[in-house]
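K.L.:
Before I ask anything, here is the structure I am working with.
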Amino acid sequence: MELVIAITLGVLTTTGVYLILRARTFSVVLGLTLLSHGVNLFLFSMGRLTTASPAVIGLVENYTDPLPQALVLTAIVISFSMTAFVVVLALKAAVELRSDHVDGEDPNEDRQ
Amino acid sequence: MNHLMIMPIVIPLLTGAFLLVMYRYNIGRQRSLSIGSTLLLVIFAVWAILQAGVSDYTLYRLGNWQPPFGIVLVLDRLSAIMLLLTALLSLFCVLYASRGSDREGSHFHALLQFQLMGINGAFLTGDLFNLFVFFEVLLIASYALLLHGGGRARSRAGLHYVVINLAGSALFLLALGILYGLTGTLNMADLARVIATAPEADLPLLKAASLLLMVVFGIKAALLPLLFWLPRAYSAASAPVAALFAIMTKVGFYAMVRVFLVVFGLDEGSPANDTVLAWLWPMALITLSLGGIGVLGASSLRTLTAYMVIVSVGILLATMSRNDEQLLAASLFYLLHSTCMTAVFFLLADLIGRYRENGYDRFSVISPLSHRWILGTVFLVAAVSMASLPPFSGFVSKAWILQSSSTLPDYLWLWAPILISGLLIIAALSRAGSGWFWRPEELADKAAPALDGARTATVCVMIAISFSLAIFAQPVMDYLEAAARLIYEPSGYVEAVLGDYVGQSREVTE
Amino acid sequence: MDIGLLVFLPVLGAIASLLSRLKRPGPDHVQRHALVALIAPAICLLLLLSYLPRVQSGEALVYSFSWVPEIGLGIAFRLDGLSWLFATLITGIGCLIILYARYYFAGKDTAGRFFVLIQLFMTAMLGIVLSENLLFMLVFWELTSLVSFLLIGFTWSSRNARRGARMSLVITGGGGLALLGGILLLGQIVGSYQITDVLAATDTIVSDDRYPLTLSLILLGAFTKSAQAPFHLWLPHAMAAPTPVSAYLHSATMVKAGLFLMARLHPAMGDTELWFSLITITGMVTLMVGAFVAMFMHDIKGLLAYSTISHLGLITLLIGMGSEMAMAAALFHLTVHALFKAPLFMMAGIVDQATGSRDMRNINGLWRTMPALMLITAVPAAAMAGLPLMSGYLSKKMLFSESLLVTAPHWATTLIPVWVTVAGLFSVAYSVRIFHNVFFNGQPVDLPHWPPRKKPAGMLVPLFILAAASLLVGLAPQATYDSLIHLAVMATSMTHLPLYDFSALSEAQVPAMMSMVAMVGGVVFYLARSSLFAIHRQLPDVDAKNIFEQIMQQSIRFAQSLVYRLENGSLQRYLAFILVAAIAPGLWMLSSYTGWQGPSALTAVNPMVVFGAVILCLSAIGVALFHHQRLPALLLLSVTGLFVTLAFAQFSAPDLALTQLSVEVMAVVIMMLALSFLPQTSPRESGAGRIVRDLGLAGLAGTGIALFAYAVLTRPAETISGYFLANSVPGGGGTNVVNVILVDFRGFDTLGEITVLGIAAVAVFAFTRDLHLKERVASAGTAKGFAEPHPVILQMVSRMALPIALLVSAYIFLRGHNMPGGGFIAGLVTAVALTLQYMAGGLVWAQERMLTHFRPLIGAGLLIATATGLGSWVVGYPFLTSAFSHMDWPLIGEFELATALLFDLGVYTTVVGATLLILANLGKLMTVAGPGQEVG
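Shown next as structure tokens:
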């Protein structure tokens with residue numbers, strides 16, 4: 000089981016990292032999302048994975064570790080905010096830099 | 000339980016939120032609110048300095064939960080210093096921005112207040128995940144502030160800055176995950192305790208986590224090779240924002256000090272931070288050298304200042320990585336100086352740029368400027384201080400760093416880049432100054448706009464601070480030494496935070 | 000303390016001059032300035048004279064006050080023979096220079112600036128020679144560099160002035176940094192920066208293994224300041240300064256600072272092989288280069304500049320020899336040189352102003368028009384040449400006799416005497432030239448002003464005084480030496496010496512012959528000058544300024560290219576760097592790590608989970624593969640999100656599942672909207688190599704994560720969570736521990752989290768406000784999805800859905816504390832419902848029907864949450880302490896009314912506000928209402 004999870008996390012991260020290294024903003028956004036999925040799952044799994052034991056007092060007899068869940072929830076919200084932000088920023092950049100390349104049409108135009 | 004302690008976080012939060020509710024406030028009211036809240040921050044920071052001077056550690060248990068279960072704020076001399084520095088810096092930035100640059104976009108003041116909340120939170124928190132949260136707060140606010148005013152350069156720099164920091168946040172979460180998975184706790188003191196007693200097999204993993212954190216904080220602090228976003232971001236930002244950003248790299252430095260020296264440094268025998276410090280030393284030195292080269296090669300005053308920031312980061316991290324109490328105190332003094340002066344130069348670039356007929360702050364452009372004498376004098380004095388020539392704080396701090404590092408076996412590795420970069424800075428600044436103030440013709444005074452007294456005064460006061468920092472160096476140094484001493488007594492920190500808590504109610508779940 | 004007064008009086012004087020500048024420049028303003036400026040130096044001079052008796056009694060007066068004891072930096076002054084000699088020269092000549100400048104600057108309104116700077120400079124010089132604390136001395140050392148920078152650039156409209164100024168600043172400033180290093184090392188060795196302690200610690204210093212480095216650094220400072228080869232290049236270009244400046248800084252005082260430093264530290268660091276070789280050789284080279292070049296200078300000031308260089312070299316050479324007598328000779332000649340060089344410069348200034356030229360090829364036969372000047376100049380010129388009875392003659396003879404006394408090392412024994420004789424010969428040549436060429440040598444050649452302008456007689460007074468002094472020294476050397484210089488010599492050797500015996504000197508035969516040779520040869524050289532010039536013209540002439548500028552340009556270009564190559568504005572490159580930085584160290588350290596497999600046993604494989612995992616992986620890989628087709632990629636991404644949700648659900652995290660689900664919906668919606676503006680496909684631009692590199696990085700990263708996850712998962716967990724499970728109900732008043740953690744145990748995190756969300760929304764609002772999507776981005780395909788008019792069915796459905804959705808969210812909100820749910824999820828559900836209205840009805844429709852001011856909503860949410868936290872102060876508890884009471888509600892059932900609920904309300908409000916604000920502004924970009932008016 001642990002192996003399966005580990006591999007899944009590995010795949011998520013790999014794809015995410017690969018995509019953020021691409022040249023177009025949209026791919027980068029996709030990559031960031033995948034990466035955050037991977038990271039959230041990773042953080043989540045750090046509380047060790049148990050089935051059918053939600054941390055709701057009185058519901059079941061033994062509970063899973065609630066803390067990572069709380070952390071992940073915070074992380075999800077934050078990464079959501081960031082995604083939303085970066086998507087709109089990508090739009091803005093694409094318009095102003097005349098291209099949806101991450102460096103715009105000409106990376107060094109404002110250096111001379 | 001002293002409620003004043005949470006003020007540095009709550010005040011800007013309330014101000015920012017209130018500014019959003021009153022989103023129709025005219026700029027005047029926004030300004031007065033923002034300035035007022037920043038003034039309050041200064042007052043509370045002064046209180047914090049005094050408080051930390053009286054008692055080494057002041058705790059604030061949020062939700063009244065016993066650490067390590069609840070989040071706890073810890074105020075010691077180091078955090079107090081950073082609070083005061085931030086408050087003063089932001090006050091000047093707000094004042095400067097209130098002369099007009101805050102109108103270039105919407106909600107400048109609200110965003111700035113949120114930024115302050117994030118920075119202060121990062122300085123106060125004693126919980127690693129909470130540190131992550133405050134990092135996100137100050138980052139998202141800084142994204143917004145960086146874009147403030149719009150324009151191509153800002154969009155591009157902003158996009159890079161944002162994406163890079165998102166990657167950084169992901170790394171932070173990974174490191175947090177590893178740490179929690181291995182130690183089962185998030186409170187810094189508790190982490191220190193557990194790491195110090197960690198099983199041999201786990202140690203490499205913990206150290207790997209510390210290396211990840213080095214990258215995370217390194218991105219914020221602009222450590223080579225993680226710093227390439229900085230020059231453009233800082234030179235694209237509007238002047239007061241860039242000036243405020245002068246503190247941001249120092250947040251990264253602060254986090255490294257806290258985490259590497261305290262959390263990973265508890266076990267005096269074989270501290271877990273040896274690996275990360277070993278990596279920091281060479282990288283910081285290269286950072287410093289590259290910064291010096293960049294200063295020489297800069298094409299505009301803002302870029303030059305951005306590379307000055309990199310130089311200062313290099314010096315700070317290099318000294319910090321040598322794990323020496325005296326040296327840390329010295330680098331803290333240098334931190335005060337460099338933060339102040341880089342901020343000054345970002346503002347100065349804007350101030351002078353406004354009075355040059357064309358070319359703004361570019362060196363390549365020879366343009367007539369007005370108010371040559373006043374601006375020239377201010378620039379000269381500022382440059383002397385920036386080049387850490389006497390009698391300004393830069394000279395004292397540099398002397399202190401060189402002195403206290405001379406006991407190291409490999410001190411020359413630090414001395415050479417520091418002294419040489421100093422020379423490069425002198426060369427670059429003398430070129431800039433003579434090119435701007437000696438070369439061109441005076442602008443006909445009727446054509447010239449009147450000199451903005453408030454902006455100029457702001458800059459002058461900041462320079463004066465750098466000067467008085469040198470005049471009253473001794474008391475400051477005593478305080479900093481005490482701060483450094485605390486950092487190098489992690490056991491005291493753990494003792495103070497955890498108190499009588501002895502791993503009770505920790506259960507093993509297979 | 001009044002020694003300190005000595006140093007700071009000129010500052011007051013400078014301030015006075017500054018104030019007197021404010022008065023409108025009248026016809027006599029230069030007169031006024033000069034008088035004001037004269038006060039402080041004059042007082043200083045008198046003070047110094049009043050000290051003479053105490054100094055002559057051989058005591059060193061030391062006053063110190065602590066400034067920054069931490070780094071050993073103190074305000075400390077020391078007045079002994081050496082510093083007295085220098086201080087007197089500085090103030091005395093300073094007064095005369097000011098007197099001279101009063102005429103030189105007559106009618107120029109730059110005069111005021113000059114008088115301010117010259118006094119500042121005097122302070123700096125006095126500070127150097129009177130400091131007891133070496134670090135304190137450094138403060139003034141750098142100040143001299145700075146002020147001299149300003150004085151050389153005095154006439155900044157001229158390019159030469161600017162370049163010369165920069166050059167001198169960079170060279171002397173660099174030297175200053177080296178000196179800083181050297182002094183710090185010295186201080187570390189000795190354990191104090193007080194000169195008294197340093198001089199007492201000779202053995203410690205010389206025996207320390209850092210001694211060579213320390214000495215070299217200090218000498219670097221001294222050499223750059225005293226224009227020793229090869230750092231002498233800046234001095235000739237400092238001649239761009241007005242002549243009074245050249246006369247004062249660049250002959251009489253500043254360039255002597257380096258010599259002073261060497262003399263000062265000689266007792267502590269001298270008398271070693273290293274000291275001898277470093278300083279002597281440098282001195283010899285400088286002496287020769289200066290003297291040689293000087294002969295071929297046509298510019299009077301240029302000639303004087305190079306002769307200064309050679310005399311500085313001469314003194315350096317003597318200091319290098321280091322014997323007491325050599326020191327005596329050095330200091331004697333230093334005094335002599337100051338006395339004859341200053342008037343020569345003044346003469347140059349007068350000639351320059353009178354004739355409008357400084358070129359000796361044109362200036363000839365001035366004796367007819369300026370006889371007085373000629374007569375006065377004769378003395379210093381003769382002194383420089385070292386004619387008998389002149390002060391220069393004596394000092395040169397002293398040099399010769401010292402050169403004969405050199406016994407070790409063997410190479411020096413014969414070389415030095417010959418060397419100095421040749422140099423002496425050159426110096427005679429150029430001395431003869433400057434005098435004969437200017438005042439005789441036939442008729443002047445087309446000078447700008449001819450006949451020369453009359454200069455006021457007063458201008459000659461300072462020359463006269465100096466010339467007289469120099470004559471006096473020549474006539475009564477013994478008296479001069481005994482009364483003034485002997486003390487200084489003792490200070491430089493820290494031993495009690497017998498007086499120098501000049502009668503013995505006059506009997507010495509060999510030196511006399513050597514100077515005869517020099518004199519005769521010099522005259523011969525001068526007579527043969529025309530042919531020599533011809534030869535010299537063959538030599539390539541090198542302009543140091545250009546060389547320097549080129550070096551500067553080169554290094555700047557290098558710096559630029561390097562920086563540009565690294566910081567090339569490519570995000571992909573930066574990210575790659577970051578990844579490498581994140582991976583490499585870990586790889587380095589863990590490559591040999593074996594402990595990945597933890598102690599606890601692996602759990603059984605659950606086929607369903609595996610199935611889910613496989614789909615998750617496949618969809619993720621799919622996204623990576625098809626990221627060029629963006630819509631499919633986006634759909635695959637949402638599949639990934641869905642299965643992440645399922646994973647949360649599977650592993651007993653219902654709250655996470657709910658959150659992830661609602662977030663997923665939102666995120667996908669937002670991306671869809673964005674996508675409708677971006678190109679639908681991205682070009683394939685990364686080459687194979689790049690793709691391989693990235694795959695490699697990504698693979699490594701992935702492997703790393705997998706390994707870490709595996710390592711942790713196979714270890715037993717020991718966490719603090721037991722406490723939360725135990726205290727959730729009694730302490731937090733909720734059975735849903737995750738929610739209790741969020742709103743209570745770690746409520747502070749949540750506060751930060753919603754702040755982030757709020758800021759993100761406001762930021763989006765802020766930077767889309769002025770954004771106009773006139774046409775879709777370049778190379779964009781046809782827009783899909785939400786830009787089209789709004790489908791009817793969607794409208795109906797969404798409108799029916801709204802009330803239900805709101806009800807649901809209320810329920811989720813209320814039960815949150817006990818069951819999965821809570822403010823955040825409820826907020827998102829509400830937002831989704833409202834968003835549907837937007838998509839269906841469009842912004843315009845929505846704006847007509849419902850509240851569209853979201854920023855206040857965000858603010859209110861944050862305020863509520865914060866206020867809840869502050870509320871606990873009332874009952875004396877820290878921020879965010881929760882209180883709760885049970886009560887029974889219809890339909891929803893028994894639950895706690897906790898302050899946490901209020902906090903959650905804040906969360907809810909913020910989430911709704913933020914989400915809608917983002918969507919509204921994104922929507923604004925595309926609606927017919929279009930950009931322009933604010934939304935939210």
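Residue numbers (numbering that gives the first Met the number 0), protein chains in the order written: chain A, 0 to 111; chain B, 0 to 509; chain C, 0 to 935.
Beta carbons: idealized from backbone N, C-alpha and C, even for Gly.
Predicted model only: the values in this text are computed from it and were never measured.
1) Kindly indicate which three-state DSSP category Leu628/C falls into: helix, strand or coil?
2) List, from N- to C-terminal side, the alpha helix (DSSP H) runs of 4 residues or more that fit wholly inside the region 134-194 of chain C.
3) Which residues in chain B have a C-beta closer than 9 Å to the C-beta of Asp102/A? List them in chain order.
4) Go ahead and label Pro401/C buried or exposed: buried means 16 or more other beta carbons lie within 10 angstroms of its beta carbon, across all protein chains shown.
5) At a CB distance below 8 Å, what residues from the region 579-591 of chain C approach chain B? Give them in sequence order.
6) Go to Tyr102/C, then tell me how far its alpha helix (DSSP H) extends in each direction, as first and last residue.
7) Taking 9 Å as the CB-CB limit, is Glu60/A close to chain B?
8) Of all the CB atoms in chain B, is at least one closer than 9 Å to the CB of Arg77/C?
9) Residues of the region 32-50 of chain A in Cβ contact with chain C at a cutoff of 8 Å, in chain order, please.
10) The alpha helix (DSSP H) that contains Tyr142/B, what's its start and end?
11) Name, in chain order, the residues that DSSP records as bridge partners for Arg361/B.
12) Using only CA atoms, which one of Leu176/C, Pro729/C and Ala337/C lies nearest to Ile401/B?
13) If we define contact as Cβ-Cβ less than 9 Å, is Ala779/C a contact residue for chain B?
14) Alpha carbon to alpha carbon, how far is Ala482/B from Gln325/B? Give it in angstroms, no decimals.
15) Could you name the residues of the same chain whose beta carbon sits closer than 6 Å to that of Arg814/C, not counting the 5 residues immediately before and after it, in chain order?
16) Quick one: using the 10 Å Cβ neighbour count with 16 as the cut-off for buried, is Val509/C buried or exposed?
17) So is Asn357/B buried or exposed if we call it buried at 16+ other beta carbons inside 10 Å?
18) Starting from Glu141/C, find everything on chain B with Cβ-Cβ shorter than 7 Å and list it in chain order.
19) Is the CB-CB distance between Phe436/B and Gly375/B below 9 Å?
20) Kindly indicate the opening and closing residues of the alpha helix (DSSP H) around Leu2/A.
21) With the cut-off set at 9 Å, would you say Leu921/C and Leu636/C are in Cβ contact?
22) If I'm right that Ser356/C touches Ile349/C with Cβ under 8 Å, what's the distance once you round it to whole angstroms?
23) Cα separation between Tyr876/C and Ser78/B?
24) Can you grab the Cα-Cα spacing for the pair Arg60/B / Gly721/C, in whole Å?
25) So what does DSSP say about Ile70/B, is it helix, strand or coil?
26) For Asn920/C, would you say it is in contact with chain A, using Cβ-to-Cβ distances shorter than 9 Å as the test?
27) Within a Cβ cutoff of 7 Å, which residues of the same chain sit near Ile464/B, ignoring the five residues on either side of it in sequence?
28) Please list, in chain order, all residues of the same chain as Ile753/C whose beta carbon is under 6 Å from its beta carbon, the five residues on each side excluded.
29) Could you give the distance in angstroms between the alpha-carbon of Thr781/C and the alpha-carbon of Ala619/C?
30) Using a beta-carbon distance cut-off of less than 7 Å, what residues from the region 389-407 of chain B approach chain C?
31) Taking only the alpha-carbon atoms, compute the straight-line gap between Leu60/C and Val128/C and give it to the nearest angstrom.
32) Decide if the region 81-90 of chain A is in contact with the region 31-50 of chain A; the criterion is three or more beta carbon pairs, one per stretch, under 8 Å apart.
33) Can you find a C-beta in chain A that's less than 9 Å from the C-beta of Ile177/B?
P.N.:
Well, looking at it:
1) For clarity, residue 628/C is Gln in the given sequence; the question names Leu instead. Three-state DSSP puts Gln628/C in a strand.
2) 158-189
3) Arg155, Leu158 and His159
4) According to the sequence as given, residue 401/C is Glu; it is not Pro. With 16 or more other Cβ atoms within 10 Å, it is buried.
5) Val579, Ala580, Ala581, Pro584, Gly585, Met588 and Leu589
6) Gly80 to Tyr103
7) no
8) no
9) Thr32, Leu33, His36, Gly37, Asn39, Leu40, Phe41, Phe43, Ser44, Met45, Gly46, Arg47, Leu48, Thr49 and Thr50
10) Leu127 to Leu146
11) Ser299/B
12) Sequence inspection shows Leu at residue 401/B; the Ile mentioned does not correspond to that position. Cα-wise, what sits closest to Leu401/B is Leu176/C.
13) Its pLDDT being 38, under 50, Ala779/C is placed unreliably by the model, and nothing is read from it.
14) 10 Å
15) Gly820
16) exposed
17) exposed
18) Leu388 and Pro389
19) yes
20) Glu1 to Ile19
21) no
22) Rounded, the Cβ-Cβ distance is 12 Å, inconsistent with contact.
23) 23 Å
24) 19 Å
25) coil
26) yes
27) Cys339
28) Val906 and Thr909
29) Because the pLDDT at Thr781/C is just 38, under 50, the model does not fix this residue reliably, and the value given afterwards should be weighed accordingly. Whole-angstrom Cα-Cα distance: 26 Å.
30) Pro389, Pro390, Val395, Ala398, Trp399, Leu401, Gln402 and Ser405
31) 13 Å
32) yes
33) yes
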